[in-house]
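One structure below.
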Amino acid sequence: MTAPSDARLRDIFVDMLIARTQAGRLWNLQRQGQVGTVAPIDGHEATIVGAAHALDPEHDWVVPQYREPLGLRRYGPEILERFMLYNLGHPAGGHIPEPIRVLPNQIALATQIPHAVGIAWGMTLRDEPGVALAFFGDGSSSEGDFYEAGNLAGVLGAPVIMLCVNNQWAISTPVHLQTAADSFAAKAAAFGIPGVLVDGNDASAVYDAVDEARSRALAGRGPTLIEATLYRLGAHTTADDPTRYVPAEDLEAARRDDPLLRLRGYLEDRGLWDDGAQEATEVEALELLDRALDRARAEPLAPGSLLDHCYATDTPRLARQRADLTGGSER
Amino acid sequence: MTAPSDARLRDIFVDMLIARTQAGRLWNLQRQGQVGTVAPIDGHEATIVGAAHALDPEHDWVVPQYREPLGLRRYGPEILERFMLYNLGHPAGGHIPEPIRVLPNQIALATQIPHAVGIAWGMTLRDEPGVALAFFGDGSSSEGDFYEAGNLAGVLGAPVIMLCVNNQWAISTPVHLQTAADSFAAKAAAFGIPGVLVDGNDASAVYDAVDEARSRALAGRGPTLIEATLYRLGAHTTADDPTRYVPAEDLEAARRDDPLLRLRGYLEDRGLWDDGAQEATEVEALELLDRALDRARAEPLAPGSLLDHCYATDTPRLARQRADLTGGSER
Amino acid sequence: MSGTASDGPGGTSDLTMVQAINETLHAEMERDERVVLLGQDVARNGGVFRATEGLVEKFGDRRVVDMPISEAVIAGATVGLAIAGLVPVAEIQFLGFSYQAMHQLAGQVARLRYRTRSRFEPAITIRAPFGGGVRTPELHSDSLEGQFANIPGLKIAMPATADDAKGLLAASIREPDPVLFLEPLRGYRGIRGPVPDGEHVVPLGVARAARRGHDVVVIAWSYQVELACRAADTLRGEGLSVGVLDLRTLVPLDVEAITEAVCHCGRAVVVQESPETSGFASEIVATIVDECFWSLEAPVVRVSGYDVPYPVGRLEDLYVPDEARIIAAIRRVLDSA
Amino acid sequence: MSGTASDGPGGTSDLTMVQAINETLHAEMERDERVVLLGQDVARNGGVFRATEGLVEKFGDRRVVDMPISEAVIAGATVGLAIAGLVPVAEIQFLGFSYQAMHQLAGQVARLRYRTRSRFEPAITIRAPFGGGVRTPELHSDSLEGQFANIPGLKIAMPATADDAKGLLAASIREPDPVLFLEPLRGYRGIRGPVPDGEHVVPLGVARAARRGHDVVVIAWSYQVELACRAADTLRGEGLSVGVLDLRTLVPLDVEAITEAVCHCGRAVVVQESPETSGFASEIVATIVDECFWSLEAPVVRVSGYDVPYPVGRLEDLYVPDEARIIAAIRRVLDSA
Ligand SMILES: Cc1ncc(C[n+]2csc(CCOP(=O)(O)OP(=O)(O)O)c2C)c(N)n1
Ligand SMILES: Cc1ncc(C[n+]2csc(CCOP(=O)(O)OP(=O)(O)O)c2C)c(N)n1
Ligand SMILES: [Mg+2]
Ligand SMILES: [Mg+2]
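Protein chains in written order, with numbering that gives the first Met the number 0: chain A, 0 to 330; chain B, 0 to 330; chain C, 0 to 336; chain D, 0 to 336.
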């Protein structure tokens, strides 16, 4: 286990700030009807970015839920590009280009966890170094897929990291209605694997925990379940009204523990950050976003895309439907 | 918690012996092609019978997997009758008559556990006293339904007892390929409920554990997961050849720990059992079985039964199919 | 619910579909204290579409229950609740996630009566929104009714109007058999109309002539009825008489009404949002062949989604049948010699 | 496997269906080291029907893996394995338990290519036995192909002969798309025949004329082909010329072969073991109406299971279509004026 260096922490902070800034802009653009539904990352930055920085993009896979993309800069600028396409409802949003080891967003909760186990297992079968890290929420942990995948990972000793992002809410459902377990980390006992509870607002702690889990996995000592506790600072999505159910005082308290404030303070104390850096990064974040959005808007889309990539080659029936769709047929 | 009285233990032993004796006869009858596939109870008697005796048949529900019926005499002679109908492929085998609080066999592994939670929850909603006990195997514990049901039970504090019958095998799959958890009882940590590990060859210990879980549940203190460890002394079913995978020496060791031998020894030591009782009970067991089988064989079966009870009343389409089936229609 | 105009008892109120559903849930919970609601975000939040708004406040959190995110245990628990004598009404937040519960729905809920020879009464209602046109993420819009219709033991209600949303939901909750009650996302706020105040029950298994016509009949269900009616109205301007038959329930299927309409017209179009292959429209065509082959003057034409997964937002309008595609199909059937 | 007679390289061996499957698995694992097998009891026990016998001994327990009892994670893991570059061949012990995996099969396996625009190649095979006639407990015999056929992205192979069991399984494993490969329980030992030795690949999507005939064609798949052939042979004795078209794969569907056969005969019967409503036979009828309506001389008749769950043993023979029911349907179609 190596604690992240200050340089690394500064990099992490940059990614966190960029994510937060872009999320804010996207929220506003959605309100103006310019982009699609958004699930804000606010409050999750230390966990998502901290975890991503503990991984090796060349070898390690990231298997996200849906709240992570803005926090995955470390895996390359293509993530943002594809996320904008995705947000605008363009099918190319699901195509993260080779060789980036990130899967597209998963909408069906927890289904991605078996995929991560399969990837990790597959890497061992191919004698490739590397781990797979699956993000999933507190709510998603109630699905059978989480347990079945965790149990299999334990049996196989697969190099997988199951990272439960406990933001206290699943839409309107608070964690105490989600489980009576002492913690989500405690569920590791069901799989016979280590369960680690970490402060998800502390990027350094998350980095540490993932780094350690990764070392374990690479050493052939199997999977780890990590729970990062934090607080969802925004709405579930732009379609949600959290004032119906989030107690104002809880949110207030959580805001005081904002992961960005904490890491910024640490860096400022060490002279590694100042208002200038802050402003420049925010400007850069928005420029990056605007550019990605512009490109996404300009991405062409042929009607035939509707039918592409369902099969490697069209079945005869699909070929007939393609003719119907593109007017090539009388039918 | 009340340890079972010696009188109770004698009753338990009678039921265990009857179950074992009937299982043996059924095995032979199957080999002669006279009855259908059988999943032998051998080795499971102390757990199944011990648990059943700790319940109150008037208020408590039993939700079985498929290996239990011969051990559920405590819930009434109808259980055996229906089991024979079931074994012979008669649809009435699924109809355990009112007011017996036992569900029919469940073939889809672990699906019965959510049902038990639903029953238990339903009883609290109706302010009825009583618990629901679900039996399930070590193998079944790998299904999402087990975890999802356990987690829900924990959240609701439902009066349910989840009894994992760990007989070391799921067909040919040994427990170490089923999970890396320290025990199946340890999985209770995932639900925030007590997990109890008990010697499943010790009827008294099983009785105790279920009795205590029941008291907890009735006192409003929620569910319990119990793991009873034992060894499957027979084949998975009559269709299975365990010599392909069960190490002979393991089976040999397990036979020395046969739950019937142990309880018989205890009772004999106290003068509560002797060869006469043994023989008389065995004879009774076979008589009961033969009578139930005879009755099951004689049970009439109209072709229309095929379509009965799919809906409360036939849909028009089913009515047409009924006419087809029974020759009432040209089609 | 607010924003509704009523003309008093015995009269009607102008409601959206989601309002009609919400009112019916209120009324049925009032009527029968065995009715309990369970689902994700149904209590405090009133459902992600507000279908269950106000219920937890009125009936308490014992009868309106926010569940952990497990569709399988939501469905599975209904079996136990029904055995315990309750009348569960469960919500699957989006029909696409019923796949997570398929083993409980198809293998358990649908078979409880058959397996136990009616020892237990599966008075279970499973509500779920589905259907396209509202730019949802993956798996929120998929039309799976053709798959469910192949599962014996389930009934399937798919209302197309606010009136039927009330009448069929009331019937579904009172049914002794399990009913899958499917609510079109586009209809929640996009469909509104007069709904009878007070008791209003529409029996399952009785189709509705949404438009009468004698040149051709369009057979549809759920939101496609709306589109079919628009197509019929457009073509009426051209002097064509296009009937629209709203199936209302797929199981039981009103074979008599289908037969009557198709035999009358001799020509039929079937509309569905599901992929073409093995969708429920194929069943309708096969049923028509069974019942009215000799009356057919032209092949029955299906209008369907394509044989690909329900697509992302920018491709949605290409995928979902619309008025234009229905009109084209009608013309094809009419032109067919 | 023992007990098989071979007439040497380039020749054929007389094999049961399960032997043909077993041999193919051996050959494909030999051919491509990326192929891995996973499922319940597939390794040490060689599968509950011995379909995977001898494989763990030959290829080791890294490539032949006994899985915990979770159909969902078996299916879900194949997605990850495929992403990692392997070629998973998973067994679901009985098709009825694919319901436990439906969210992974329908929502994930089937959509991996579409969702990622072919970034990842879902070279996944899911094998599962199904079908009646062998007195299994509940949910072991159910025919669910009609439901799977409504799920875009999956291909569905349903061999009816030992020869095709080999040829289609080899094709399925080599396919870049996910294939559901369904094996009829009654056929495992009940169907045997000559199987080409060595390389033998039958392309997906090409139907097979099991019998040629010009009075009527019976369209069937899997074990029903066997029954249809018996019916055809019986009726040949009466001077009737009954064709049998074995679809082999439902997706891709060989519409051309169906069209040709039905247009040629003008009369058709479709046989399936699934419940009637919304089964795949309905799709075949609808396809025939699309393609050969004007050639039809009589309504197409479906022979199906009934609209109830697959029943217990003593009711099984009433439920499953048999030669007599197929013959009755053929007569009905021929008598139809
Ligand atoms: C299988 C499934 N069920 C239900 C939903 C609907 N849904 C979308 S997000 C969500 C809550 C998820 O909560 P959590 O896993 O804690 O993630 P968070 O949104 O808090 O990051 C629900 C219920 C879904 N997408 N998939
Ligand atoms: C959902 C499901 N998957 C697979 C099967 C096939 N199957 C029947 S019994 C069995 C093993 C069950 O093992 P366990 O739960 O330990 O019970 P035991 O037989 O040992 O009592 C399997 C895999 C099934 N019946 N249901
Ligand atoms: Mg959350
Ligand atoms: Mg076991």
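Built from N, CA and C at the ideal position, the CB exists for glycine as well.
On a predicted model such as this, the values are computed, not experimentally measured, just so you know.
field: Closer than 8 angstroms to chain B by CB, A/Thr123
entry: One-based indexing of the first sequence puts residue 123 of chain A at position 124. Output row for A/Thr123: interface = no.
- prompt: Does DSSP classify A/Ile112 as helix, strand or coil?
  reply: Indexing the first sequence from 1 puts residue 112 of chain A at position 113. Under the three-state reduction of DSSP output, A/Ile112 falls in the helix class.
- prompt: Where does the unbroken beta strand (DSSP E) through D/Ser12 begin, and where does it stop?
  reply: As a working note, residue 12 of chain D is residue 13 in the fourth sequence. Residue range Thr11 to Thr15 is occupied by the beta strand (DSSP E) that includes D/Ser12.
message: Does the CB of D/Glu322 have a neighbour CB from chain B at under 8 angstroms?
response: Stepping through the fourth sequence from its first residue, residue 322 of chain D is reached at position 323. The beta carbon of D/Glu322 sits no closer than 8 angstroms to any beta carbon of chain B.
query: According to a CB-to-CB cut-off of less than 7 angstroms, which residues of the segment 125 to 147 of chain C neighbour chain A?
result: Those residues of the segment 125 to 147 of chain C that come within reach of chain A (Cβ to Cβ, closer than 7 angstroms) are Arg134, Pro136, Glu137 and Leu138.
- prompt: Regarding D/Trp220 and ligand 4, is the C-beta to nearest heavy atom distance less than 7 angstroms?
  reply: Here the question's residue 220 of chain D lines up with position 221 in the fourth sequence. No; taking the cut-off as 7 angstroms, the Cβ of D/Trp220 has no heavy atom of ligand 4 nearer than that.
message: Please tell me whether C/Gly242 and C/Arg210 are closer than 8 angstroms, where the distance is taken between their beta carbons.
response: The residue labelled residue 242 of chain C in the question sits at position 243 within the third sequence. The residue labelled residue 210 of chain C in the question sits at position 211 within the third sequence. C/Gly242 places its beta carbon less than 8 angstroms from that of C/Arg210.
- prompt: Under a CB-based cut-off of 8 angstroms, is C/Thr3 close to chain A?
  reply: Your numbering for residue 3 of chain C matches position 4 in the third sequence. The predicted position of C/Thr3 is uncertain, since its pLDDT is 49 and thus under 50; no value can be drawn from it.
- prompt: Any heavy atom of ligand 6 closer than 7 angstroms to the CB of B/Asn166?
  reply: Looking for ligand 6 in the displayed structure turns up nothing; the ligands present are ligand 1, ligand 2, ligand 3 and ligand 4.
message: Could you tell me the alpha carbon to alpha carbon distance between C/Ala280 and C/Thr124, rounded to whole angstroms?
response: Here the question's residue 280 of chain C lines up with position 281 in the third sequence. Here the question's residue 124 of chain C lines up with position 125 in the third sequence. Whole-angstrom Cα-Cα distance: 24 angstroms.
- request: Determine the direct distance from the alpha carbon of C/Pro183 to that of C/Leu246, and round the result to whole angstroms.
  value: Walking along the third sequence from the start, residue 246 of chain C turns up at place 247. Walking along the third sequence from the start, residue 183 of chain C turns up at place 184. Rounded to the nearest angstrom, the two C-alpha atoms are 14 angstroms apart.
message: Assuming contact is defined by CB atoms lying nearer than 8 angstroms, are B/Gly233 and B/Pro39 in contact in what I supplied?
response: If you number the second sequence from 1, residue 233 of chain B lands on position 234. If you number the second sequence from 1, residue 39 of chain B lands on position 40. Yes, these two residues count as a Cβ contact at 8 angstroms.
- request: Determine the burial state of A/Thr1: buried for a count of at least 16 other Cβ atoms within 10 Å of its Cβ, exposed for fewer.
  value: Here residue 1 of chain A corresponds to residue number 2 of the first sequence, with the count starting at 1. A/Thr1 is exposed by the Cβ-count criterion.
- prompt: DSSP beta-bridge partners for C/Arg207?
  reply: Stepping through the third sequence from its first residue, residue 207 of chain C is reached at position 208. The partner list for C/Arg207 (beta bridge, DSSP) reads C/Asp245.
field: Near-chain D residues of the segment 282 to 314 of chain A - C-beta to any C-beta below 7 angstroms
entry: Contact annotation: in the segment 282 to 314 of chain A, residues whose CB is within less than 7 angstroms of a CB in chain D are His308, Cys309, Tyr310, Ala311 and Thr314.
message: Looking only at its chain, what residues have a beta carbon closer than 6 angstroms to the beta carbon of B/Glu281, apart from the 5 residues adjacent to it on each side?
response: Position 282 of the second sequence, counting from 1, holds the residue named residue 281 of chain B. Counting only residues of its own chain and dropping the five nearest sequence neighbours on each side, B/Glu281 has a CB closer than 6 angstroms to the CB of Thr20.
- request: Output the boundary residues of the alpha helix (DSSP H) element that contains A/Pro315.
  value: Counted from its first residue, the first sequence places residue 315 of chain A at position 316. The continuous alpha helix (DSSP H) containing A/Pro315 extends over residues Pro315 to Leu324.
message: Could you check if A/Ala107 belongs to the surroundings of ligand 1, using beta carbon to heavy atom distance under 7 angstroms?
response: Against the first sequence, residue 107 of chain A aligns to sequence position 108. Answer for A/Ala107: yes, Cβ within range of ligand 1.
- prompt: Nearest to B/Ser182 by alpha carbon, out of B/Thr236, B/Glu298, B/Asp323 and B/Glu226?
  reply: Translated into the one-based positions of the second sequence, residue 182 of chain B becomes position 183. Nearest of B/Thr236, B/Glu298, B/Asp323 and B/Glu226 to B/Ser182, Cα basis: B/Glu226.
message: Using beta carbons (cut-off 8 angstroms, strictly below), is C/Val319 in contact with chain A?
response: For the purposes of this step, residue 319 of chain C is taken as the residue at position 320 of the third sequence. So, not an interface residue.
task: For the segment 218 to 300 of chain A, list the alpha helix (DSSP H) runs that are entirely contained and at least 4 residues long, ordered along the chain.
output: With a minimum length of 4 residues, the continuous alpha helix (DSSP H) runs that stay inside the segment 218 to 300 of chain A are 247 to 255, 258 to 268 and 274 to 297.
task: Tell me, please, whether the segment 90 to 109 of chain C touches the segment 93 to 110 of chain D by the rule of three or more beta-carbon pairs shorter than 8 angstroms.
output: The answer is yes - the segment 93 to 110 of chain D touches the segment 90 to 109 of chain C, with three or more Cβ pairs under 8 angstroms.
query: Hey, C/Ala297 and C/Ser335 are a contact pair by Cβ (cut 8 angstroms); roughly how many whole angstroms apart?
result: Position 298 of the third sequence holds residue 297 of chain C. Position 336 of the third sequence holds residue 335 of chain C. Yes, they are in contact, since the Cβ atoms of C/Ala297 and C/Ser335 sit about 4 angstroms apart, within 8 angstroms.
message: Classify D/Glu198: buried if its beta carbon has 16 or more other beta carbons within 10 angstroms, exposed otherwise.
response: Here residue 198 of chain D refers to the residue found at position 199 when the fourth sequence is read from its first residue. That one is exposed.
task: Could you name the residues of the segment 85 to 113 of chain C whose beta carbon sits closer than 9 angstroms to any beta carbon of chain D, in the order they occur along the chain?
output: Within the segment 85 to 113 of chain C, those residues whose Cβ lies closer than 9 angstroms to any Cβ of chain D are, in chain order, Gly95, Phe96, Ser97, Tyr98, Gln99, Ala100, Met101, His102, Gln103, Leu104, Ala105, Gly106, Ala109, Arg110 and Tyr113.
message: In this structure, how does DSSP classify B/Met332 when only helix, strand and coil are distinguished?
response: There is simply no residue 332 of chain B to check, as chain B begins at 0 and stops at 330 in what is shown.
message: To the nearest angstrom, how far is the alpha carbon of D/Phe147 from that of B/Asp249?
response: Residue numbering aside, residue 147 of chain D sits at position 148 when the fourth sequence is read from its first letter. Residue numbering aside, residue 249 of chain B sits at position 250 when the second sequence is read from its first letter. Rounded to whole angstroms, D/Phe147 to B/Asp249 spans 43 angstroms at the Cα level.
field: Proximity to B/Leu260 [Cα-Cα], best of B/Gln277, B/Ala247 and B/Phe82
entry: Counted from its first residue, the second sequence places residue 260 of chain B at position 261. With distances taken between CA atoms, B/Leu260 lies nearest to B/Gln277 out of B/Gln277, B/Ala247 and B/Phe82.
- prompt: Do we get a CB-CB distance below 8 angstroms when we pair B/Ile112 with the residues of chain A?
  reply: For this step, residue 112 of chain B is matched to residue 113 along the second sequence. Answer no: the Cβ-Cβ gap between B/Ile112 and chain A never drops below 8 angstroms.
message: So that I know if they touch, is there some Cβ in chain D lying closer than 8 angstroms to that of A/His89?
response: On the first sequence, position 90 is the one that residue 89 of chain A refers to. Answer no: the Cβ-Cβ gap between A/His89 and chain D never drops below 8 angstroms.
field: Counterpart residues of A/Thr172 in DSSP-defined beta bridges
entry: As a working mapping, residue 172 of chain A is identified with position 173 in the first sequence. Answer is A/Ala169.
task: Take every Cβ of the segment 128 to 137 of chain B, pair it with every Cβ of the segment 149 to 161 of chain B, and state whether three or more of those distances are shorter than 8 angstroms.
output: The segment 128 to 137 of chain B vs the segment 149 to 161 of chain B: in contact.
field: Near-chain A residues of the segment 303 to 318 of chain C - C-beta to any C-beta below 8 angstroms
entry: Against chain A - using a Cβ distance shorter than 8 angstroms - the residues of the segment 303 to 318 of chain C are Tyr305, Asp306, Val307, Pro308, Pro310, Val311, Gly312, Arg313, Leu314, Glu315, Leu317 and Tyr318.
task: Identify the contact partners of D/Asn44 in chain B, using a Cβ-Cβ distance below 9 angstroms as the criterion.
output: As a position in the fourth sequence, residue 44 of chain D is number 45, starting the count at 1. Under the 9 angstroms cutoff, chain B gives Ile170, Ser171, Thr172, Asp239, Asp240, Arg243 and Tyr244.
- request: Consider the C-beta atom of B/Ile225 and the heavy atoms of ligand 2; say whether any pair is separated by less than 7 angstroms.
  value: On the second sequence, residue 225 of chain B is found 226 positions in, with the first residue counted as 1. No, ligand 2 has no heavy atom inside 7 angstroms of this Cβ.
field: Cβ separation of D/Ala161 and D/Gly192, assumed to be a contact under 8 angstroms, to the nearest whole Å
entry: One-based indexing of the fourth sequence puts residue 161 of chain D at position 162. One-based indexing of the fourth sequence puts residue 192 of chain D at position 193. The Cβ separation is near 5 angstroms, so the contact holds.
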